[in-house]
Amino acid sequence: MIRAFYHNGPPGDASLTDSESLRPASVENFAALGWTLRQFSEGKNYEEEARKLAQSLGYPLTEETTLVWDFKPTGSADNSRKVQEWIGDMVSKGLSNTDLNGPNSKACLLSPELIAVVLKGNSVGDVEDPVSKSWIRFEMSEGTLMHVPEGSLRSFVWSEHPNILFKLFFKSTPVTLTWGKLAAENSPARQAYLKSLGL
1148 MIRAFYHNGP PGDASLTDSE SLRPASVENF AALGWTLRQF SEGKNYEEEA
1198 RKLAQSLGYP LTEETTLVWD FKPTGSADNS RKVQEWIGDM VSKGLSNTDL
1248 NGPNSKACLL SPELIAVVLK GNSVGDVEDP VSKSWIRFEM SEGTLMHVPE
1298 GSLRSFVWSE HPNILFKLFF KSTPVTLTWG KLAAENSPAR QAYLKSLGL
């Protein structure tokens, strides 16, 4: 199940409610931003289906480009080393949901292009719509696949991820995560993404 709506609240805000919804966001709204969303039917091997798609798109499927991200409250030994580094970086910087445009914003940019699949739990987060200068809150259940364009900004709702398991497939190396909207805006990938949207 994929549920999404536009809102005026800060991205990553766990206290956001349906009453703050401006309007529903459709799969087509995501597509206009370069995202592809797909919901696999129950009973499918979600990881294998995502792997097949990644392979068909020419992704290398190496240890360096295939990562596990497990949102357990105390962290997880199952997380890929790269993911552990990202989380450690976030904690050390004291990143915030409210410091949207500052260097401590939890908004992040993953690079390069990637495919993410929810293997367990429900994923809650925000995707920036730079065209309308707003954010889209999404709730995606187990079996949801996201094809994420390089240069797009998103933010996790961390308190809503007690037991979420993702598998990430990246198109190439190096695989990087840039924390903070300000830092992301200076990224060449970000500039190329905005240009692709006519901005």
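The sequence shown runs 1148 to 1346 under the working numbering. Ideal placement from N, C-alpha and C gives every residue a C-beta, glycine not left out.
Residue burial classification, residue i (beta-carbon count within 10 angstroms, cutoff 16)
{"i": "GLY1272", "result": "buried"}
{"i": "THR1164", "result": "exposed"}
{"i": "GLY1298", "result": "buried"}
{"i": "GLY1278", "result": "For clarity, residue 1278 is Val in the given sequence; the question names Gly instead. Exposed, since its Cβ has fewer than 16 Cβ neighbours within 10 Å."}
{"i": "PRO1335", "result": "exposed"}
{"i": "SER1302", "result": "buried"}
{"i": "ALA1331", "result": "buried"}
{"i": "THR1209", "result": "exposed"}
{"i": "ALA1254", "result": "buried"}
{"i": "LYS1199", "result": "exposed"}
{"i": "ALA1339", "result": "exposed"}
{"i": "ALA1197", "result": "buried"}
{"i": "LYS1314", "result": "buried"}
Length of the line joining the Cα atoms of residue i and residue j
{"i": "LYS1342", "j": "GLY1181", "result": "12 Å"}
{"i": "TRP1326", "j": "PHE1187", "result": "30 Å"}
{"i": "LEU1169", "j": "SER1227", "result": "37 Å"}
{"i": "THR1221", "j": "ILE1234", "result": "Reliability of the predicted coordinates at THR1221 is poor, the pLDDT of 49 falling under 50, and the value obtained from them is presented with this limitation in mind. Cα-Cα distance, rounded: 11 Å."}
{"i": "GLU1194", "j": "ALA1172", "result": "26 Å"}
{"i": "PRO1296", "j": "LEU1184", "result": "12 Å"}
{"i": "ASN1333", "j": "ILE1262", "result": "23 Å"}
{"i": "LEU1190", "j": "LYS1267", "result": "Residue 1190 is actually Gly in this sequence, not Leu. So the two alpha carbons sit approximately 13 Å from each other."}
{"i": "ASP1236", "j": "ASN1192", "result": "32 Å"}
{"i": "ILE1311", "j": "PRO1259", "result": "22 Å"}
{"i": "VAL1322", "j": "ASN1155", "result": "31 Å"}
{"i": "GLU1232", "j": "THR1212", "result": "15 Å"}
Residue i: first and last residue of the uninterrupted beta strand (DSSP E) it sits in
{"i": "LEU1184", "result": "1183-1186"}
{"i": "LYS1199", "result": "Here LYS1199 belongs to no beta strand (DSSP E); instead the alpha helix (DSSP H) covers 1193-1203."}
{"i": "SER1302", "result": "1301-1303"}
For residue i, the three-state DSSP class (helix, strand or coil)
{"i": "THR1221", "result": "Because the pLDDT at THR1221 is just 49, under 50, the model does not fix this residue reliably, and the value given afterwards should be weighed accordingly. Of the three classes helix, strand and coil, the one that applies to THR1221 here is coil, per DSSP."}
{"i": "LYS1342", "result": "helix"}
{"i": "VAL1230", "result": "helix"}
{"i": "ASP1276", "result": "strand"}
{"i": "ALA1151", "result": "strand"}
{"i": "LEU1161", "result": "Residue identity check: residue 1161 is Ala in the sequence provided, not Leu. Looking at ALA1161 - three-state DSSP - the assignment turns out to be coil, as it is neither helix nor strand."}
{"i": "ALA1336", "result": "helix"}
Residue i: first and last residue of the uninterrupted alpha helix (DSSP H) it sits in
{"i": "GLU1175", "result": "1174-1179"}
{"i": "LEU1329", "result": "1328-1332"}
Within-9 Å CB hit, residue i to chain D
{"i": "LYS1199", "result": "The structure shown contains no chain D; it is built from a single protein chain."}
### Contact between the region 1283-1301 and the region 1170-1180 (3+ Cβ pairs under 8 Å)
yes
### Message
So, does the region 1203-1210 touch the region 1315-1323, judging by three or more C-beta pairs under 8 Å?
### Response
yes
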